[in-house]
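Since the structure comes first, as C-alpha cells, the remarks are kept for the end.
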Amino acid sequence: MSQLSSKRTKPGNIIVGAEQVGRRIDNFLLAHLKPIPKSRIYQMLRRGEVRANGGRIKPDYRLQPGDDIRIPPLFEQPKATPGKPPARLVELIKTCVMYEDERLVVVDKPAGLIVHAGSGSAFGVIELLRELYRQEQDLHLIHRLDKETSGCLLIAKNMAVLRRVNHALKNGDVEKEYDALFQGRLQEKKIRVDTSLQRHRNRHGEGRVRVEGTGKTALSEFEPVTVYQDATHVKVRIATGRTHQIRVHAGSIGHPIAGDGKYGDREFNRKMRAAGLKRMFLHAGKLSVPALKETGEYQFTAPLPADLDAVLTRMSQGHV
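If you read the sequence shown in the working numbering, its first letter stands for residue 1398, the second for the next number, and so on.
Structure below.
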C-alpha cells in the first residue's frame, strides 16, 4: 500500500450532473479517484462494489442524468486543496449572470471559457459560480456548451431542479435556439437532420463524434436567415443535446460551421478569419424551460455577441 495512505474513506454517493453525462463509468472513476490504482478501480467494477441507482454496472456503462453512483470505502491519499479562482475570472462571470432566483442561475457564457474544470483548465463556469455564490452549496450544471460557444447556460441551485430540468431535456420539452454561420448557400426554407451520432476516441484520447446508424438519436432543424455570397446565417433548433450535435449535423449536409477547427473546412475558415472571425460562429441565443413555478415557463435570450455581429455586418457590406 505504498501508493496509499492508511486513511479509509466511508462509502460515498455521487449524483451525476450534466458535465458527466455520457461518460463511461470507468473513465469517470479513474478521473474522480486519482489516488486509487487503476487495477483497484476495475476490480471494484468486476466485483459489483460500484453501483448505479442500486444496480451493478459494467466498465463501459455510460452515465445518465441524475444517476446515483455509490462508491465503496477506499484507502486513499488526501487530495490537495484546489486553489481559488483568479479574481478577474470571478468578476467576469459575475458580469455574465443574466438571471437568478431561488431555483436557477442563468449565464450568458462568453466564448473561450469552459463550463467545468478539465482538459488543462483549472476553472470553468461552475467553479467560478461556486466561488461567486459561496452561500450556495448545491450548484449543478444542467447542460453544457462547447468552449468556443457563447450564450445561455443553465445552472440549478439544488438537485430537485436539476432532476426536473434534466427530465424536461430528455423529453424534448426544453426549447433551444442557436445562431450559426454555415459554409455555403442554404436555399431551403428549413432543413431537418435526424441522423444518429456516436462518440469515438482516437489512440491519443481525442474525442470526435460521427454520424452512425447505431449511435444515439439526434434531431436538428436549420432555418436560413440571411444568405450571403459564400455563407448563410442560420437559426438552429435542437430537440436533443448530443455532444457536438449541431457541428456534426451541419457538416453532414455539406455546410460546416464557420470557424469550426474540428469539423469545419480549413480553406473556408481561413477566409472567415480574414473577415474578422476569431472563433467558431455558434451562439446559444434563446432558451425556454417548462414551468418550475406558478407563473409559467422560463424564457431567456442572450443577444448575438459584438464579435459575431461584426462579422455579419462585414458580410452584408460585401467585404467577404
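Heads up, the beta-carbon is just placed ideally off N, CA and C, and yes, glycines get one too. Remember, it's a predicted structure, so these values are computed and weren't measured experimentally.
By the neighbour-count definition (other C-beta atoms within 10 Å, threshold 16), Q1532 is an exposed residue.
C-alpha of Y1458 to C-alpha of Y1625: approximately 45 angstroms in a straight line. Relative to K1435, the option among D1423, R1444 and E1446 whose CA is nearest is D1423. Within the DSSP secondary-structure output, C1549 pairs in a beta bridge with D1505. Under DSSP, the beta-bridge partners assigned to T1698 are K1683. Counting along the chain, the unbroken beta strand (DSSP E) around Y1575 starts and ends at E1572 to Q1580. A straight line joining the alpha-carbon of L1489 with that of E1446 spans about 42 angstroms.
Three or more beta-carbon pairs drawn from the stretch 1631 to 1638 and the stretch 1566 to 1576 are found closer than 8 angstroms, and the two stretches are therefore classed as touching. Taking P1469 as the centre and dropping the five residues before and after it, the same chain places the C-beta of P1408, M1441, E1446 and V1447 closer than 8 angstroms to its C-beta, in chain order. Apart from sequence neighbours up to five positions away, no residue of its chain approaches G1509 with a beta-carbon distance below 6 angstroms. Checking the DSSP bridge columns, you'll see H1646 has no partner listed. Cα atoms of A1484 and E1524: separation of roughly 12 angstroms, rounded to the nearest angstrom. Excluding sequence positions up to five before and after R1527, its CB lies within less than 8 angstroms of the CB of E1533 and L1536, all in the same chain and listed in chain order.
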